[in-house]
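J.: Protein chains in written order, with the numbering used here: chain A, 1 to 188; chain B, 1001 to 1437.
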């Protein structure tokens, strides 16, 4: 019977959404960890340099990796909370049906773009792995490690984007983010 | 296709994607990929390799680390009682001048901006106390709202400033110099605001009713104690940069550390404050950093399309003198500012405008300060002005009312920009003095 199938689908879908929600939170925590590590490393470097005239020598390299990783690990959470910036002018004036259509199209375009990037970035990671490419610093970090972090962040963002698409199709999009969210998103 | 047609095609794609509501960071990537494939006839493979290489490189620029850190610092301060202390400390001092406590908005925002990288956070933090206090004391509401809108957006000009870091990274201008260059123009515009408020109060004293607060010695002592935490933070962040202990990027970490210690000492650092501030910070910095990475891709695409060169050549054929060029750019940025936020404006426009101003012989350091003022104007112009949104939420008034109240301050800021264009030394003098070594 069709309705049974429908409830089955809905059940599967909420399960998927719950899974993605967990991935997004996990990924946000990874971003938070990156930021905390960044602070610790910079403070250590400042103390070492000013008090002992020494250096960890890898500050710029490590902080750079952490910045990139934090940026992409945090994207999913920003999308989930409606804080990823966009020009929402037209969306606000549309009826619910048109809004769903446009939100869906946006999410589809987003998903394609992210998919395109993930595909090619994965290729880069695999190459770095196969060839054993390392950074030119003292530490000779294998480059696939920081690159992989960016890819993982993007994948989690893509998953969150797929949920956005699903919600647009089934018409269960959360209301447009309120001003509290906007307050942060344009916080420049 | 001729180069002009190419430029128009790219622009149309971009406007369509943005207007449609595609997330800005996605829109930039999408438009560059489409331009690579359809205009430049690159293969999918080549496009993908170029894009992923640039994204990796652009997002791991270590100067960007200042963004999550300054944002975190602002988020932490926002969750403490620092705005209450700021008002209590400033009110007796501001009370001395005509216009009285209206100056708490201007002085408070200027001070707060010196520990916070963002103008929206400045407006929200200062406004959550002053709007209520000024209203209960019977101050003129339109002037209270307007002065907060104007002074709140000054936050971008006074270091530390996220937009300046973004500009510094993109234009390869020293962030320490940019920070120094913003200070005097920021104070000048704050001075213009205060002057305007005093003038209004002199004409009509009713707008700022008298209060019984007297500035006696104990009151002054309490003021100083209230202002001490924020003063300490300003001193530590700016001091660590200009004493040479830390680079501007590292100063962000010093600021975070000092804020944590300070809030901890005041027993305001609960686990939820720590967690929420960090969670808020990573989201916002993800938004900004991803935008920067996407903009790097778009800017490369435009380079391949030769859009910047062609546009500069076209504009240079117009033979504008420097002032005319600045005026054209000002109008261009004010129009962009109607619809977009500061970081988006900066990353999207610089590939085109930077070559222009360099060819015209304008100092990129000066232009950075000018650009920030233009962005500040955009923060208080409808329909999209983010400080207006915050004020709207704080005051429950319509966006048009708030914008109208902010209008005199918009004009004052335009005057400030004009003065800066005529006397560029206002911006350039301090960085030369401090960093000429």
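From the three backbone atoms N, C-alpha and C, an ideal C-beta is built for every residue, glycine too. Just so it is clear, the structure is predicted and the values come from calculations on it, not from any experiment.
Less than 8 Å between the CB atoms is what I'm expecting for residue 1037 (chain B) and residue 1013 (chain B), so what's the real figure, rounded?
T.: So it is not a contact: roughly 12 Å between Cβ atoms.
J.: Going along chain B in order, which residues have a C-beta closer than 7 Å to the C-beta of residue 152 (chain A)?
T.: Within 7 Å Cβ-Cβ: nothing; residue 152 (chain A) doesn't reach chain B, min ~13 Å.
J.: Tell me the rounded alpha-carbon separation between residue 1299 (chain B) and residue 97 (chain A).
T.: One C-alpha to the other measures close to 36 Å.
J.: How many angstroms separate the CA atom of residue 10 (chain A) from the CA atom of residue 1326 (chain B)?
T.: Going by the C-alpha atoms only, they are around 57 Å apart.
J.: Any beta carbon from chain B within less than 9 Å of residue 21 (chain A)'s own beta carbon?
T.: Judged by the 9 Å Cβ criterion, residue 21 (chain A) is not in contact with chain B.
J.: Round the Cβ separation of residue 110 (chain A) and residue 1023 (chain B) to the nearest angstrom and send it over; I've been treating them as touching at under 8 Å.
T.: Sure, about 6 Å apart at Cβ, within 8 Å.
J.: Pop quiz: residue 1370 (chain B) and residue 1417 (chain B) are said to be a contact at Cβ under 8 Å. What is the actual Cβ separation, rounded to whole angstroms?
T.: Right, the Cβ-Cβ distance comes to about 7 Å (below 8 Å), so this counts as a contact.
J.: Run down chain B in chain order and give the residues with a C-beta less than 8 Å from the C-beta of residue 110 (chain A).
T.: Within chain B, the residues near residue 110 (chain A) are 1022, 1023, 1026.
J.: What's the call for residue 84 (chain A), buried or exposed, on a 16-neighbour Cβ count within 10 Å?
T.: Under this definition residue 84 (chain A) is a buried residue.
J.: Going by beta carbon distance, what residues of the same chain come within less than 7 Å of residue 1061 (chain B), once the five residues before and after it are set aside?
T.: Cβ within range, chain order: 1169.
J.: Determine, using beta-carbon pairs with one atom in the region 1037-1049 of chain B and one in the region 1281-1289 of chain B, whether at least three such pairs fall under 8 Å.
T.: The region 1037-1049 of chain B vs the region 1281-1289 of chain B: no contact.
J.: Sorted by chain position, which residues of the same chain lie with C-beta nearer than 7 Å to residue 153 (chain A)'s C-beta, five sequence neighbours on each side aside?
T.: Once the five neighbours on either side are set aside, the close Cβ partners of residue 153 (chain A) are 27, 69, 72, 73, 75.
J.: Going along the chain, which unbroken runs of the alpha helix (DSSP H) with 4 or more residues stay wholly within the region 1040-1120 of chain B?
T.: Listed in chain order, the complete alpha helix (DSSP H) runs (minimum 4 residues) inside the region 1040-1120 of chain B are 1044-1059, 1066-1078, 1082-1094, 1102-1113.
J.: Take residue 1413 (chain B) as the anchor and find which of B:1380, B:1392, B:1386 has the nearest alpha-carbon.
T.: For residue 1413 (chain B), the nearest C-alpha among the options comes from B:1380.
J.: Decide if residue 1101 (chain B) is buried, meaning its Cβ has at least 16 other Cβ atoms within 10 Å, or exposed.
T.: It counts as buried.
J.: Look up residue 1229 (chain B) in the DSSP assignment and say whether it is helix, strand or coil.
T.: Residue state, collapsed to three classes: helix.
J.: Can you look up residue 14 (chain A) in the DSSP assignment and give me helix, strand or coil?
T.: In the structure shown, residue 14 (chain A) sits in a helix (DSSP, three-state: H, G or I).
J.: Between residue 1278 (chain B) and chain A, is the shortest Cβ-Cβ distance under 9 Å, so that the two count as touching?
T.: For residue 1278 (chain B), the answer is yes, since a Cβ of chain A falls inside 9 Å of its Cβ.
J.: Closest Cβ-Cβ distance between residue 116 (chain A) and chain B: below 9 Å?
T.: Closer than 9 Å: yes.
J.: Excluding sequence positions up to five away, which residues of its chain have a Cβ less than 7 Å from the Cβ of residue 1194 (chain B)?
T.: Excluding residues within five positions, the ones whose Cβ falls inside 7 Å are 1103, 1106.
J.: Could you tell me whether the Cβ of residue 1019 (chain B) comes closer than 9 Å to any Cβ of chain A?
T.: Taking Cβ atoms only, chain A reaches closer than 9 Å to residue 1019 (chain B), which makes this a yes.
J.: As a quick exercise: from B:1258, B:1218, B:1433, pick the residue whose alpha carbon is nearest that of residue 1234 (chain B).
T.: Residue 1234 (chain B) has its Cα closest to that of B:1258, out of B:1258, B:1218, B:1433.
J.: Would residue 1382 (chain B) count as contacting chain A if we go by Cβ distances under 9 Å?
T.: Cβ-Cβ to chain A under 9 Å: no for residue 1382 (chain B).
J.: When DSSP labels each residue in this structure, what does residue 1248 (chain B) get in the three-state scheme?
T.: Three-state result, residue 1248 (chain B): helix.
J.: Please state whether the Cβ-Cβ distance between residue 1292 (chain B) and residue 117 (chain A) is less than 9 Å.
T.: In this structure, residue 117 (chain A) does not lie closer than 9 Å to residue 1292 (chain B) by Cβ.
J.: For residue 1093 (chain B) versus residue 1228 (chain B), is the C-beta distance shorter than 9 Å?
T.: Not in contact: residue 1093 (chain B) and residue 1228 (chain B) (Cβ atoms no closer than 9 Å).
J.: Residues of chain A with CB closer than 7 Å to the CB of residue 1344 (chain B), please, in chain order.
T.: Within chain A, the residues near residue 1344 (chain B) are 85.
J.: When you compare the CB positions of residue 66 (chain A) and residue 35 (chain A), do they come within less than 9 Å of one another, or not?
T.: In this structure, residue 35 (chain A) lies closer than 9 Å to residue 66 (chain A) by Cβ.
J.: Does the separation of the CB atoms of residue 141 (chain A) and residue 45 (chain A) fall below 9 Å?
T.: No, Cβ-Cβ distance for residue 141 (chain A) and residue 45 (chain A) is not below 9 Å.
J.: Can you find the residues in the same chain that come closer than 7 Å, C-beta to C-beta, to residue 182 (chain A), ignoring five residues on each side of it along the sequence?
T.: Note that residue 182 (chain A) scores 42 on pLDDT, short of 50, meaning its location in the model is unreliable; the coordinates nonetheless yield the value given after this. There are no such residues.
J.: Relative to the C-alpha of residue 947 (chain B), which residue among A:49, A:20, A:80, A:105 is closest?
T.: This structure does not reach residue 947 (chain B), given that chain B is present from 1001 up to 1437, and the question cannot be answered.
J.: Here's the rule: buried if 16 or more other CB atoms are within 10 angstroms of the residue's CB, otherwise exposed. What is residue 1212 (chain B)?
T.: It counts as exposed.
J.: What number of angstroms, rounded off, separates the C-alpha of residue 13 (chain A) from the C-alpha of residue 101 (chain A)?
T.: Rounded to whole angstroms, residue 13 (chain A) to residue 101 (chain A) spans 19 Å at the Cα level.
J.: Quick check on residue 1108 (chain B) - is its C-beta less than 9 Å from some C-beta in chain A?
T.: False, the Cβ-Cβ gap to chain A never drops below 9 Å.
J.: 9 Å is my cut-off, CB to CB: does residue 4 (chain A) come that close to chain B?
T.: Summary for residue 4 (chain A): the model assigns pLDDT 45, below 50, so the residue's position carries little reliability, and this model does not support an answer.
J.: Count the other CB atoms, across all protein chains shown, that sit within 10 Å of the CB of residue 147 (chain A); report buried if there are 16 or more and exposed otherwise.
T.: The residue in question, residue 147 (chain A), is buried, as its Cβ has 16 or more Cβ neighbours within 10 Å.
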